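A.B. asks: Could you have a look at this structure, given as structure tokens, before my questions?
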């Protein structure tokens, strides 16, 4: 029995294990470094009790990332140089857009010797530090070169309108009178023009010219207007008469009186014909009854020079030389609206085919403004100063745009987009104010007339189906033709 007393160990060791199992061996400086790992697992400790056995595994889980293929998505920077500089820039940009600006800046820092853990920003709450450079997304690109969904689709280029007319007709004796309305285009593609004492019909399909009537030396044509079906045409005369003609037979159907002086403007709806005169009155004619007119509308204080029915036939807008724009309905002989913002004669009037109750009007030389009205409440919606006399207005049925013709000083034709009122095109060519305007039945071509005794045809609006720029159809060769 060993007489040397055994020192009591301060360690609480399991049974079968002594302190020698935990001792550190002494190594010389020349020997290779070897350490015995301290473990806390009982299973591992029991395995260490036998010096002949070596532990082949531990309970510490070290994941194997070889199957993650992070390099496929460019999430780990490789040490090898990039073959093409564009690939590296694209990868950095892609990571910035996918994971935020911090990830992009972190990757840049790692390339400069910083920490290289790719998981630093993953699943981390991040405060948006985009600031004023990027008000919409946390991108490092900033406003100047930010890649977004808006910039991925380029803005639609403005529609191109041909600057020159594709057809010019001579119109001798076409009067230079602001208060007359001598040009109209039927739904059957026949253009009517009042020249002096005669009315001529020009068929667009074959350029055939037909003389409809001759009023004689004691009278002259002051206005023409086709019915909506395009079969009959009304003619207002200087003597105050209203004549109705069959356009296909060239035969007069009816003559109606009632005005004391010239009838300068006419307007058909589906059942009746309205006529405005220098005598300040508006007469409504019904061809189904024998009397000359069925009602008289009194409201203007000077010559009536503008008349247009709304597309639903419920309201009639009238403009006069008294600077007033009046709106009437079928159930009253008094105007339901009196709009007095214009400061010059109101000849140019048009109803929107796209929105019920939307009316546009234009003023003369002292006014020069185009004004938009809501006829349900009488409020002015908007206005634009054109800088010149507004002679005519027409609203496109194909697109939400309108065309206006003007007088001094440029005698221009302008196309406007509604409701932005941005200019689509400005066309010039007439040497005098553009007093007359009509639109083709397909809504693509307009014809303008002026005191320079010419009629010019312009391709202005796209077709209703394609909504693409209008090209020259080739039906009419570019040239100058005499209409009679």
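In UniProt numbering, the protein residues as written are 1 to 484.
Heads up, the beta-carbon is just placed ideally off N, CA and C, and yes, glycines get one too.
Nothing here was measured: the structure is a model prediction, and the numbers come from that model.
(1) Please return the same chain residues whose Cβ sits closer than 8 Å to the Cβ of residue 218, not counting the five positions on each side in sequence.
(2) Per DSSP, what kind of secondary structure is residue 278 in: helix, strand or coil?
(3) Hey, residue 267 and residue 325 are a contact pair by Cβ (cut 8 Å); roughly how many whole angstroms apart?
(4) Regarding residue 409 and the ligand COA, is the C-beta to nearest heavy atom distance less than 6 Å?
(5) Hey, how far is the Cα of residue 291 from the Cα of residue 422?
(6) What's the gap between the Cα of residue 514 and the Cα of residue 458?
(7) Which two residues bound the contiguous beta strand (DSSP E) that contains residue 334?
(8) Taking the C-alpha atoms as reference points, what is the distance between residue 464 and residue 400?
(9) Please classify residue 333 as buried or exposed, where buried requires at least 16 other C-beta atoms within 10 Å of its C-beta.
(10) Hey, would you say residue 448 sits closer than 7 Å to residue 405, going by beta carbons?
(11) Just reading off the beta strand (DSSP E) that residue 449 is part of, what are its end residues?
(12) Put residue 464 into one of helix, strand or coil per three-state DSSP.
(13) Buried or exposed: where does residue 371 fall if 16 or more other Cβ atoms within 10 Å of its Cβ makes it buried?
(14) Could you give the DSSP three-state label for residue 408: helix, strand or coil?
(15) Would you mind sorting residue 272 into buried or exposed? The rule is 16 or more other CB atoms within 10 Å of its CB.
(16) Beta-carbon separation of residue 346 and residue 319 under 7 Å?
(17) According to the Cβ coordinates, are residue 433 and residue 165 closer than 7 Å?
(18) Rounded C-beta distance between residue 180 and residue 223? I'm assuming under 8 Å.
(19) Give me the residue from 89, 94, 356 and 184 with the minimum Cα distance to residue 376.
(20) How many whole angstroms separate the CB atoms of residue 283 and residue 275, which I take to be in contact at a CB cut-off of 8 Å?
(21) Please report the distance separating the alpha-carbon of residue 221 from that of residue 264.
(22) Is DSSP giving residue 371 helix, strand or coil here?
(23) Taking buried to mean at least 16 other C-beta atoms within 10 Å of its own C-beta, is residue 253 buried or exposed?
(24) Give me the Cβ distance between residue 437 and residue 392, rounded to the nearest whole Å; I'm assuming they're in contact under 8 Å.
(25) Please report how far the alpha carbon of residue 246 lies from the alpha carbon of residue 425, in whole angstroms.
(26) Helix or strand or just coil, what does DSSP make of residue 95?
(27) Quick one: what's residue 457 bridged to in DSSP?
(28) What number of angstroms, rounded off, separates the C-alpha of residue 403 from the C-alpha of residue 443?
(29) Between residue 339 and residue 383, what straight-line distance do the alpha-carbon atoms span, to the nearest angstrom?
(30) In the DSSP output, which residue or residues are listed as bridge partners for residue 241?
(31) Check the DSSP bridge columns for residue 413 and list the partner residues they point to.
(32) Under 7 Å, do residue 193 and residue 183 count as touching if we go by C-beta distance?
(33) Is it buried or exposed for residue 26, if we count other Cβ within 10 angstroms and need 16 for buried?
(34) Do you know how far the Cα of residue 419 is from the Cα of residue 167?
(35) Kindly indicate which residue of 234, 429 and 460 has the alpha-carbon position closest to the one of residue 201.
(36) Suppose you measure from the CA of residue 214 to the CA of residue 197; what does that come to, to the nearest Å?
C.D. replies: Straight from the coordinates:
(1) By one-based count along the chain shown, residue 218 stands at place 218. Counting only Cβ-Cβ distances below 8 Å, and skipping sequence neighbours, we find 239.
(2) Against the chain shown, residue 278 aligns to sequence position 278. Coil at residue 278, not helix or strand.
(3) Here residue 267 refers to the residue found at position 267 when the chain shown is read from its first residue. Here residue 325 refers to the residue found at position 325 when the chain shown is read from its first residue. Rounded, the Cβ-Cβ distance is 14 Å, inconsistent with contact.
(4) Inclusion of the ligand COA in the displayed structure is not the case, the ligand content being empty and no account of it being possible.
(5) Here residue 291 corresponds to residue number 291 of the chain shown, with the count starting at 1. Here residue 422 corresponds to residue number 422 of the chain shown, with the count starting at 1. Taking the straight line joining both Cα atoms gives about 48 Å.
(6) Outside the displayed range of the chain (1 to 484) lies residue 514, so it cannot be described from this structure.
(7) Position 334 of the chain shown holds residue 334. Note, residue 334: premise wrong, no beta strand (DSSP E); not H, not E.
(8) Here residue 464 refers to the residue found at position 464 of the chain shown. Here residue 400 refers to the residue found at position 400 of the chain shown. Whole-angstrom Cα-Cα distance: 11 Å.
(9) Residue numbering aside, residue 333 sits at position 333 when the chain shown is read from its first letter. Flag for residue 333 reads exposed.
(10) Here residue 448 refers to the residue found at position 448 when the chain shown is read from its first residue. Here residue 405 refers to the residue found at position 405 when the chain shown is read from its first residue. Taking 7 Å as the Cβ cut-off, residue 448 and residue 405 qualify as a contacting pair.
(11) As a first step, residue 449 is located in the chain shown; it is residue number 449 there, counting from the start. Counting along the chain, the beta strand (DSSP E) containing residue 449 begins and ends at 445-450.
(12) Here residue 464 refers to the residue found at position 464 when the chain shown is read from its first residue. Residue 464: coil per DSSP, three-state reduction.
(13) Along the chain shown, read from residue 1 onward, the residue named residue 371 stands at position 371. Buried, since its Cβ has 16 or more Cβ neighbours within 10 Å.
(14) As a first step, residue 408 must be located in the chain shown, where it is residue number 408. DSSP places residue 408 in coil when its eight states are reduced to three.
(15) Residue numbering aside, residue 272 sits at position 272 when the chain shown is read from its first letter. Burial call: buried.
(16) Translated into positions along the chain shown, residue 346 becomes position 346. Translated into positions along the chain shown, residue 319 becomes position 319. It is a contact, given that the beta carbons lie within the stated cut-off.
(17) Here residue 433 is taken as the residue at index 433 of the chain shown, counted from 1. Here residue 165 is taken as the residue at index 165 of the chain shown, counted from 1. No, the pair does not count as a contact, with Cβ atoms beyond the cut-off.
(18) Start at 1 with the first residue of the chain shown, and residue 180 comes out as number 180. Start at 1 with the first residue of the chain shown, and residue 223 comes out as number 223. About 6 Å separates the two Cβ atoms, so the contact holds.
(19) The sequence position of residue 376 within the chain shown is 376, counting from 1. Among 89, 94, 356 and 184, the Cα nearest to that of residue 376 is on 356.
(20) Within the chain shown, residue 283 is the residue found at index 283, counting from 1. Within the chain shown, residue 275 is the residue found at index 275, counting from 1. Yes, residue 283 and residue 275 are in contact; Cβ-Cβ is about 5 Å, under 8 Å.
(21) Translated into positions along the chain shown, residue 221 becomes position 221. Translated into positions along the chain shown, residue 264 becomes position 264. Roughly 9 Å separates the two Cα atoms.
(22) Position 371 of the chain shown, counting from 1, holds the residue named residue 371. Here residue 371 sits in strand by DSSP.
(23) Position 253 of the chain shown, counting from 1, holds the residue named residue 253. Under this definition residue 253 is an exposed residue.
(24) Sequence index remark: in the chain shown, residue 437 carries index 437 (1-based). Sequence index remark: in the chain shown, residue 392 carries index 392 (1-based). Yes, residue 437 and residue 392 are in contact; Cβ-Cβ is about 4 Å, under 8 Å.
(25) Counted from its first residue, the chain shown places residue 246 at position 246. Counted from its first residue, the chain shown places residue 425 at position 425. Taking the straight line joining both Cα atoms gives about 37 Å.
(26) In the chain shown, counting from the first residue as 1, residue 95 sits at position 95. Reduced to three states, the DSSP call for residue 95 is helix.
(27) By 1-based counting over the chain shown, the position of residue 457 is 457. Note: residue 457 sits in a beta bridge opposite 167 and 447.
(28) The residue given as residue 403 occupies position 403 in the chain shown. The residue given as residue 443 occupies position 443 in the chain shown. Rounded to whole angstroms, residue 403 to residue 443 spans 12 Å at the Cα level.
(29) Locating residue 339 in the chain shown gives position 339, where the first residue counts as 1. Locating residue 383 in the chain shown gives position 383, where the first residue counts as 1. C-alpha separation (whole angstroms): 13 Å.
(30) Locating residue 241 in the chain shown gives position 241, counting from the first residue. In the DSSP output, where bridge partners are listed per residue, residue 241 has none listed.
(31) The residue labelled residue 413 in the question sits at position 413 within the chain shown. In the DSSP output, where bridge partners are listed per residue, residue 413 has 405 and 427.
(32) For the purposes of this step, residue 193 is taken as the residue at position 193 of the chain shown. For the purposes of this step, residue 183 is taken as the residue at position 183 of the chain shown. Cβ atoms of residue 193 and residue 183: closer than 7 Å.
(33) Sequence index remark: in the chain shown, residue 26 carries index 26 (1-based). Any reading at residue 26 must be qualified, since the residue scores a pLDDT of 48, below 50, and its modelled position is unreliable; the value itself is stated next. Classification for residue 26: exposed.
(34) Here residue 167 refers to the residue found at position 167 when the chain shown is read from its first residue. Here residue 419 refers to the residue found at position 419 when the chain shown is read from its first residue. Distance between the alpha carbons of residue 167 and residue 419 is about 31 Å.
(35) Translated into the one-based positions of the chain shown, residue 201 becomes position 201. Ranking the options by Cα distance to residue 201, first place goes to 234.
(36) Here residue 214 refers to the residue found at position 214 when the chain shown is read from its first residue. Here residue 197 refers to the residue found at position 197 when the chain shown is read from its first residue. Going from the Cα of residue 214 to the Cα of residue 197 covers about 6 Å.
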